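Colleague: Residues 21 to 186 (the working numbering) make up the sequence shown, in order.
C-beta atoms are modelled at their ideal positions from N, C-alpha and C, and glycine is treated no differently.
Please read these numbers as outputs of a predicted model, since none were measured by experiment.
Below you will find the structure I want to go over with you.
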Amino acid sequence: MIPESLKKELQARVASAITSREAAVDVMKELQRHYGWLTDEAVVEAAELLGLSPLQVEELATFYEMIYRRPVGEKVVHVCDSISCWAMGGETLLAHVAGRLGIKPGGSTADGMFTLLPCACLGMCGDGPAMMIGEALYGRVTPEMVVEILKANPGDACAPPTTKEE
Ligand code: FES
């Protein structure tokens, strides 16, 4: 259950939107921030806030890949697997990040710090291969940069990996 203050803030956001659907991503992201992922409870709360059915929220949630309908690590590492990044070595980058974290794409580190997810275009097609951790975007990522990027983020990603398969 979300705190009353967050509920009021989200109600105000929905009220200021032209249609409730316009506020849907904002509401889902805030609930995701609160719970860590968009739980079933959050889907019901989002539906109540937006005046939609839980099924309608579910449909929206599954459309946006930055909305997580299952538990994820504290930091989600997205590696772009769209065409421009693929042409610039995105597949190799994904394999490298997976190896560095000791998990497969789709998996999470045993300490719950990182989840690795391939994703569609991050809007940095001219600077591929691209990846994102949390809200931070990185372009022209090399294997050497991966170490630095992971070091710059919380967690012990550069320690010998431990694995938790999904
Ligand atoms: S194709 Fe990777 S950022 Fe656009």
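Can you find a heavy atom of the ligand FES that lies under 8 Å from the Cβ of Gly109?
Modeller: Mapped onto the sequence shown, residue 109 falls at position 89. False, no ligand heavy atom lies under 8 Å from that Cβ.
Colleague: Please specify which runs of the beta strand (DSSP E), each continuous and at least 3 residues long, are wholly inside the segment 45 to 116, giving them in chain order.
Modeller: Taking only runs of at least 3 residues, the beta strand (DSSP E) segments lying wholly in the segment 45 to 116 are 95 to 100.
Colleague: If we ignore side chains and look at the alpha-carbon of each, how far apart do Ala156 and Ala172 end up?
Modeller: Mapped onto the sequence shown, residue 156 falls at position 136. Mapped onto the sequence shown, residue 172 falls at position 152. C-alpha separation (whole angstroms): 11 Å.
Colleague: Any heavy atom of the ligand FES within a distance shorter than 8 Å of the CB on Ala150?
Modeller: Counting from one through the sequence shown, the residue named residue 150 turns up at place 130. Ala150 Cβ: within cutoff of the ligand FES.
Colleague: Between Thr39 and Thr162, what straight-line distance do the alpha-carbon atoms span, to the nearest angstrom?
Modeller: Against the sequence shown, residue 39 aligns to sequence position 19. Against the sequence shown, residue 162 aligns to sequence position 142. Their Cα atoms are separated by approximately 43 Å.
Colleague: Identify every residue that forms a DSSP beta bridge with Pro138.
Modeller: Position 118 of the sequence shown, counting from 1, holds the residue named residue 138. Paired residue(s): Val99.
Colleague: State whether the segment 58 to 75 contacts the segment 101 to 116, with contact taken as three or more CB pairs (one from each stretch) at a distance under 8 Å.
Modeller: No, they do not touch.
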